[in-house]
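Read the structure below first, then the notes.
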């Protein structure tokens with residue numbers, strides 16, 4: 001028995017012819033191959049009727065489109081990089097301004113500390129002087145109080161007649 005295989009592709013036709021002794025297995029394979037070939041033929045004819053847009057574009061157009069997309073991405077990256085650099089410059093300016101103001105505040109704090117130290121020393125001397133005055137006043141008050149107590153006791157003794165008359 002002679003088995004012939006044929007498969008048609010829209011652009012080319014292939015035809016195979018071979019003489020093979022027929023056996024049951026070979027006939028089954030032949031039938032399976034014919035079924036697959038007819039299925040592929042129907043699939044190719046149905047796909048050839050509907051144009052596929054991805055196949056319609058040529059490789060050159062795809063490369064051009066990719067190159068344009070890469071250019072756009074690079075330009076976007078450049079603009080983002082420039083924006084980041086300008087933002088960093090602004091942040092650095094603000095940080096420098098903050099450092100300057102911080103140094104000014106530190107200088108003001110030192111000046112206030114020195115002024116307060118001078119005032120504290122002046123107040124310490126005034127407190128020491130007041131302490132001396134209060135000490136002197138206490139001594140005077142004690143003397144007056146002792147004298148007053150002696151006078152009161154003497155008057156009481158004279159009033160009650162404890163003291164004799166000379």
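Residue numbers (the UniProt record's numbering): 1 to 166.
We put the CB at the ideal spot given by N, CA and C, even for glycine.
Item                                                                                   : Value
Residue 118, DSSP secondary structure in three states                                  : helix
Straight-line gap, residue 87 to residue 65 (C-alpha atoms, nearest Å)                 : 33 Å
Inter-residue spacing [alpha-carbon to alpha-carbon] between residue 72 and residue 96 : 36 Å
Nearest-angstrom Cα separation, counted from residue 104 out to residue 110            : 10 Å
For residue 143, three-class secondary structure by DSSP                               : helix
Simplified DSSP state of residue 7, which is helix, strand or coil                     : Because the pLDDT of residue 7 is 45, which lies under 50, any placement of that residue in the model is unreliable, and the number read from its coordinates should be weighed accordingly. Three-state DSSP puts residue 7 in a strand.
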